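Residue numbering for the sequence shown follows the working numbering, starting at 78 and increasing by one per position. Virtual Cβ for every residue (Gly too), placed ideally from N, Cα, C. Because the structure is a prediction, the values reported are computed rather than measured.
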Amino acid sequence: MEYFVKIMPSAQENLEDIIYYIALDSPDRAASFAKDLVASISNTLSTLPEGGAKHKGNIRKISYRGYTAFYRVKKYEKLVEILHFVNLSKPLVNRGIDFERID
């Protein structure tokens, strides 16, 4: 049975930042990259929700072309919540991402 993959508001904000950053160099590529990022990760997680590596606590991570999605799985709800999309070239703490504060 497939899981539903939900992009949380924090991850949506990250996507908007990614689109903006890529658009500075290649406006034509920005939106299509974000679409590919979401599609690839969502397709994987809908069928293999625990396929990503464990990160911290109940948070897992999975990567696509230099970007990492941090997510959690809610097994009984058949739900994957994508919490953040980031380029890990900068530490998470410098981005204001604190997994200790996530329910």
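Would you mind reading off the limits of the beta strand (DSSP E) that contains residue i?
| i | result |
| --- | --- |
| residue 158 | 156–164 |
| residue 137 | 136–141 |
Would you mind stating whether residue i and residue j have Cβ atoms separated by less than 8 angstroms?
| i | j | result |
| --- | --- | --- |
| residue 97 | residue 157 | no |
| residue 117 | residue 141 | yes |
| residue 122 | residue 144 | no |
| residue 139 | residue 115 | no |
| residue 146 | residue 136 | no |
| residue 82 | residue 109 | no |
| residue 162 | residue 101 | no |
What is the DSSP secondary structure of residue i, counted as helix, strand or coil?
| i | result |
| --- | --- |
| residue 149 | strand |
| residue 80 | coil |
| residue 106 | helix |
Suppose you measure from the CA of residue i to the CA of residue j; what does that come to, to the nearest Å?
| i | j | result |
| --- | --- | --- |
| residue 134 | residue 126 | 15 angstroms |
| residue 99 | residue 88 | 16 angstroms |
| residue 128 | residue 78 | 15 angstroms |
| residue 150 | residue 130 | 12 angstroms |
| residue 104 | residue 132 | 32 angstroms |
| residue 95 | residue 165 | 12 angstroms |
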